[in-house]
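Participant: Shown below is the structure under consideration.
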Amino acid sequence: MTLLGQFALWASLLVGSWAAVVGFSGRWHGRQELALSVTRAVYALFATLLVASAALWQGLITHDFNIEYVASYTSRNLPGYYIVSAFWAGQKGSLLFWAVVLSSFAALAQWLTPARYRALLPYVAAVTSSVTAFFILVMLFASNPFERLPFTPPDGNGLNPQLQNIGMIIHPPMLYLGYISITIPFAFAIAALLS
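Numbering-wise (our numbering), the sequence shown opens with residue 47 and increments by one.
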């Protein structure tokens, strides 16, 4: 599953870069099919990040301790509900979670925007895709959640005892949702300035 996760991250980077470059270039003006491809790239970005997320979840649930992230934040005796919080317990998983939530908000913004603001959507796609691509770049080159260990340990380190709290399941996602949601009004503000 790590190969699938790695591939999904690279595909996400390509899709996000496409949407950012074409969206900011403005070459889509007067070309409806190009504008549509920029806005649809947001949906593709969300789909590829969901695949990467599912690959990491698979590693966490099946205790694939050959994945460095899984070995660092889970163990065989860790209760199931803390395996859920292990997804965002470390920087690598948090970056992936952040990117997935941002891409889902971006896809919802594309889908739910009223028709009178449709002209802004390629710029909105460019802004949200740029921010998402930044997180993907950090994951691929500095903090890869799919990094493999040279050996497979029999058990993982487990979640830090201070993080084994019901609040760890609820607090980080709520915090991230608040921070990430600010990107959408920012994207519309930039789009209004550029159009």
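Just so it is clear, CB atoms sit at the ideal spot from N, CA and C, and this is done for glycine as well.
Using the rule of at least 16 other Cβ atoms within 10 Å of the residue's Cβ for burial, across every protein chain shown, is N211 buried or exposed?
Facilitator: For this step, residue 211 is matched to residue 165 along the sequence shown. Exposed.
Participant: Between the Cα of G51 and the Cα atoms of T94, Y89, A87, F70, which residue gives the shortest distance?
Facilitator: The residue labelled residue 51 in the question sits at position 5 within the sequence shown. Nearest C-alpha to G51: T94.
Participant: State buried or exposed for A161, treating a residue as buried only when at least 16 other CB atoms are found within 10 Å of its CB.
Facilitator: Mapped onto the sequence shown, residue 161 falls at position 115. Result: exposed.
Participant: Does the Cβ of Q208 have 16 or more other Cβ atoms within 10 Å, making it buried, or fewer, making it exposed?
Facilitator: By 1-based counting over the sequence shown, the position of residue 208 is 162. That one is exposed.
Participant: Mind reading off the beta-carbon distance from L106 to V116? Whole number of angstroms is fine, and I expect it under 8 Å.
Facilitator: For this step, residue 106 is matched to residue 60 along the sequence shown. For this step, residue 116 is matched to residue 70 along the sequence shown. So it is a contact: roughly 6 Å between Cβ atoms.
Participant: So, helix, strand or coil for I212, using DSSP?
Facilitator: Along the sequence shown, one-based indexing puts residue 212 at 166. DSSP places I212 in helix when its eight states are reduced to three.
Participant: Under 7 Å: does the beta carbon of I113 sit that close to some heavy atom of the ligand ATP?
Facilitator: The ligand ATP is not among the ligands present in this structure, which contains no ligands whatsoever.
Participant: Count the other CB atoms, across all protein chains shown, that sit within 10 Å of the CB of F143; report buried if there are 16 or more and exposed otherwise.
Facilitator: As a first step, residue 143 is located in the sequence shown; it is residue number 97 there, counting from the start. Its Cβ being crowded by 16 or more others within 10 Å, F143 is buried.
Participant: Among the candidates F151, F92, A132, whose CA atom is the shortest distance from the CA of T108?
Facilitator: In the sequence shown, the residue the question calls residue 108 occupies position 62. Measuring from the Cα of T108, the nearest candidate turns out to be A132.
Participant: Compute the Euclidean distance between the alpha carbons of P191 and L102, then round it to the nearest angstrom.
Facilitator: Reading the sequence shown from its first residue, position 145 is the one you call residue 191. Reading the sequence shown from its first residue, position 56 is the one you call residue 102. P191 and L102: Cα-Cα distance of roughly 8 Å.
Participant: Determine the burial state of A34: buried for a count of at least 16 other Cβ atoms within 10 Å of its Cβ, exposed for fewer.
Facilitator: There is no way to answer for residue 34, as the model of the chain reaches only from 47 to 241.
Participant: Please classify I182: does DSSP put it in a helix, a strand, or coil?
Facilitator: Sequence index remark: in the sequence shown, residue 182 carries index 136 (1-based). Three-state result, I182: helix.
Participant: Please say whether S189 and P141 have beta carbons closer to each other than 8 Å?
Facilitator: Taking the sequence shown and counting its residues from 1, one reaches residue 141 at position 95. Taking the sequence shown and counting its residues from 1, one reaches residue 189 at position 143. Note that residue 141 is Leu in the sequence shown, not Pro. Yes, these two residues count as a Cβ contact at 8 Å.
Participant: In whole angstroms, what is the alpha-carbon distance linking L240 and P218?
Facilitator: If you number the sequence shown from 1, residue 240 lands on position 194. If you number the sequence shown from 1, residue 218 lands on position 172. Rounded to the nearest angstrom, the two C-alpha atoms are 34 Å apart.
Participant: For A238, which residues of its own chain have a beta-carbon under 7 Å away from its beta-carbon, when the five flanking residues on both sides are left out?
Facilitator: As a working mapping, residue 238 is identified with position 192 in the sequence shown. Correct list, in chain order: L166.
Participant: Buried or exposed: which applies to G202, given that a residue is buried once 16 or more other Cβ atoms fall within 10 Å of its Cβ?
Facilitator: Residue 202 sits at position 156 when you count from the first residue of the sequence shown. With 16 or more other Cβ atoms within 10 Å, it is buried.
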